[in-house]
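Enquirer: Those protein sequences? They're chains S and B, same order as listed.
For the first sequence, position 55 matches number 55 in full-length UniProt numbering, and the numbering has no gaps at all.
For the second sequence, position 114 matches number 114 in full-length UniProt numbering, and the numbering has no gaps at all.
Quick reminder that beta carbons are idealized off the backbone N, C-alpha and C, glycines included.
2 protein chains.
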Amino acid sequence: MRIGELAQQTGCQVETIRYYEREGILPKPQRGQNNYRLYGEPHQRRLQFVRRCRDLGFSLEEVRTLLDMINGGTQSCAEVEALGRSHLEAVREKIADLRKMEARLSELVSRCHGGRTPDCSFVEELFES
Amino acid sequence: MRIGELAQQTGCQVETIRYYEREGILPKPQRGQNNYRLYGEPHQRRLQFVRRCRDLGFSLEEVRTLLDMINGGTQSCAEVEALGRSHLEAVREKIADLRKMEARLSELVSRCHGGRTPDCSFVEELFES
DNA sequence: CTTGACCCTATAGTGACTACAGGGTTTATA
DNA sequence: TATAAACCCTGTAGTCACTATAGGGTCAAG
């Protein structure tokens with residue numbers, strides 16, 4: 001199939017697929033007489049793997065690492081697990097950060113009573129505290 | 001004070017301060033005979049405002065909007081509140097996203113029992129599901 | 001005087017895309 | 001058959017919010 005269909009099948013943009021190829025995340029596919037890329041199931045499965053990892057917040061570098069582990073053929077589930085746990089920890093930290101942000105924003109917003117007053121506690125606190 | 005001291009006082013990098021000036025977030029300061037930037041308290045207070053907004057996850061564009069509201073002199077606390085609430089909502093959505101991510105990662109990781117097995121459920125699920 | 005810290009401008013790089021320019025190929029329709 | 005729109009290609013630049021580097025000037029302390 002051509003790149004447009006692969007994009008549809010995987011929910012990944014055409015341009016992103018080309019980007020992944022340039023970055024070495026996807027191998028170069030075969031080409032037709034017209035120089036169009038031609039993809040088969042292995043490419044599709046690999047791209048779906050990449051997208052799932054990305055959806056889980058893995059960076060491309062981490063995805064690359066995972067793919068290397070798999071393709072090395074000497075994949076150790078312990079290494080994969082370690083990467084997964086490390087990333088899970090990062091996600092939890094990010095959640096914690098955002099929760100702090102949320103709490104502070106909630107507080108600031110709750111002190112807003114709207115209106116056309118020149119004194120806005122939201123702004124005042126950000127300027128002073 | 002010079003830029004290095006302003007950086008220290010505000011916890012903001014020298015290069016970031018220059019960047020903010022280029023982006024129009026900070027007004028151009030006066031210069032000394034040596035062409036060094038010279039900052040006073042108004043600049044410091046403004047930069048601290050910018051940093052606090054950034055720490056709360058506001059984009060530079062949103063910061064710019066807030067500053068315009070304030071400097072327009074016709075600031076309406078309702079507008080500020082609206083921006084704050086909208087942003088708070090975005091933060092909550094991001095948290096929800098991350099929570100989903102966390103849950104999925106937790107699930108995948110919990111199925112990992114380590115070891116040198118060629119069958120890694122983590123990888124298998126990402127390739128197949 | 002020397003040297004290291006500080007300052008300056010201009011420009012490029014980061015990560016993960018996304019958009020655009022300019023041009024070729026395919027497909028569906030009149 | 002002709003046409004127009006959709007699709008494909010490569011190369012390059014832009015997005016966002018910084019961050020780093022190159023090359024050069026100024027200041028302050030020893």
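#1: Can you say whether B/Q48 is buried or exposed, counting buried as having 16 or more other CB atoms within 10 angstroms of its CB?
#2: Let's test the definition: count the other Cβ atoms within 10 Å of the Cβ of B/H113 and tell me whether it reaches 16, buried, or not, exposed.
#3: Going by CA-CA distance only, name the one from S/T10, S/L66, S/L67, S/V80 that's closest to S/A41.
#4: Select from the stretch 82–114 of chain B all residues with a C-beta closer than 7 Å to any C-beta belonging to chain S, and list them in chain order.
#5: Is the distance from the Cβ of S/Q44 to the Cβ of S/L38 below 7 Å?
#6: What are the residues in the stretch 58–71 of chain B lying within 9 Å of chain S by C-beta distance?
#7: Grab me the residues of S/C12's own chain with a C-beta within less than 7 Å of its C-beta, minus the 5 sequence neighbours each way, in chain order.
#8: Between the stretch 24–58 of chain B and chain S, which residues of the former have CB atoms less than 7 Å from a CB of the latter, in chain order?
#9: Whole angstroms is fine: what's the gap from B/L126's alpha carbon to S/C53's?
#10: Taking 8 Å as the limit between beta carbons, can you name the residues of its chain near S/I3, skipping five residues before and five after?
#11: For B/C12, which residues in chain S fall below 9 Å Cβ to Cβ?
#12: Whose Cβ in chain B lies nearer than 8 Å to the Cβ of S/L6?
#13: Starting from B/N71 and walking both ways along the alpha helix (DSSP H), at which residues does that stretch end?
#14: Might you give, ordered along the chain, the residues of its own chain that have their beta carbon closer than 6 Å to the beta carbon of B/Y20, omitting 5 neighbours on each side?
#15: Throw me the rounded Cβ distance for the B/L6 and S/I95 pair, which I believe falls under 8 Å.
#16: Based on the DSSP secondary-structure assignment, which residues constitute the bridge partners of B/R18?
#17: For B/E81, count the other beta carbons within 10 Å of its own beta carbon; 16 or more makes it buried, fewer makes it exposed. Which is it?
#18: Assuming contact is defined by CB atoms lying nearer than 7 Å, are S/G84 and B/M101 in contact in what I supplied?
#19: Can you grab the Cα-Cα spacing for the pair B/E128 / B/R104, in whole Å?
#20: Which residue wins for smallest C-alpha separation from B/G24, given the options B/E61, B/G32, B/Q8?
#21: Quick check on the DSSP output: the alpha helix (DSSP H) that includes B/G40 runs from which residue to which?
#22: Ordered along the chain, which non-local residues of its own chain (more than five positions away) have a Cβ less than 8 Å from that of S/C120?
#23: Could you check the C-alpha separation between S/S76 and S/I70 for me, to the nearest Å?
#24: Within its chain, find whatever has a CB closer than 6 Å to the CB of B/G32; leave out the 5 residues flanking it on each side and keep chain order.
#25: Could you pull out every residue in the same chain whose Cβ sits closer than 8 Å to the Cβ of S/H87, ignoring the five residues on either side in sequence?
#26: What does a CB cutoff of less than 7 Å around B/K28 pick up in its chain, not counting 5 residues either side in sequence?
Expert: So, from the data block:
#1: buried
#2: exposed
#3: It is Glu, not Ala, that sits at residue 41 of chain S in the sequence shown. If we check each option's Cα against that of S/E41, S/T10 comes out closest.
#4: G84, R85, H87, L88, V91, R92, K94, I95, L98, R99, M101, E102, R104, L105, S106, L108, V109, C112, G114
#5: no
#6: L66, M69, I70
#7: L47, R51
#8: R45, F49, R52, C53, L56, G57
#9: 7 Å
#10: V14, I17, R18, Y36, R37, Y39
#11: Under the 9 Å cutoff, chain S gives no residues; its nearest Cβ is about 15 Å from B/C12.
#12: Simply none; closest approach about 16 Å.
#13: 60–71
#14: L26
#15: In fact, because the Cβ distance is near 33 Å, the residues do not count as touching under 8 Å.
#16: Note: B/R18 sits in no beta bridge, so no partner.
#17: buried
#18: no
#19: 15 Å
#20: B/E61
#21: Element bounds for B/G40: n/a, residue is neither H nor E.
#22: C112
#23: 8 Å
#24: L38
#25: L56, G57, F58, E62
#26: E21
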